[in-house]
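Undergrad: The following block contains the structure, expressed as structure tokens.
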Amino acid sequence: MTNVTPLHRGHVNPDVTAVADEVRGMLAKRRIATYKLPELLQDGTSRGYWQRRVSGDIPFDVADLSAVAGVLGVSINELVPSRPTPTAPNRGATD
């Protein structure tokens, strides 16, 4: 059996936080309150469901991102901030 370490309250995953920040920012730009998401989506989810994701307590899954992207009129990629691409050291360089 594989051991899985759960995320404990207080543990901050920077990827989860970055996506939540982006979603919150886009909602705010469009003046859409988080509590309005269930009404806009009409998918049976609760306010609490979205509040936990938008606050960064629980990660968004692909279906969540797709639904929010549809409400916002953006692509999923726009909700996921890009990371800088690490550069490989130049092993042939000399000083």
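Under this note's numbering, the first residue of the sequence shown carries the number 955, and numbering increases by one thereafter.
Even for Gly, the Cβ is constructed at its ideal location relative to N, Cα and C.
All values derive from a computational prediction rather than experimental measurement.
Out of Phe1014, Val1022, Ala1017, point me to the one whose CA is closest to isoleucine 986's CA.
TA: Among Phe1014, Val1022, Ala1017, the Cα nearest to that of isoleucine 986 is on Val1022.
Undergrad: Can you tell me whether aspartate 975 is buried or exposed, with buried defined as 16 or more other CB within 10 angstroms of its CB?
TA: So aspartate 975 ends up on the exposed side.
Undergrad: In angstroms with no decimal places, state the Cα-to-Cα distance between lysine 983 and proline 968.
TA: Cα to Cα, the separation comes out at about 22 Å.
Undergrad: Compare the Cα-Cα distances from serine 1020 to each of Leu1033, Arg1001, Gln996 and report the closest residue.
TA: Considering only alpha carbons, the answer is Leu1033.
Undergrad: May I have the straight-line CA-CA distance separating valine 970 from phenylalanine 1014, to the nearest angstrom?
TA: Cα-Cα distance, rounded: 8 Å.
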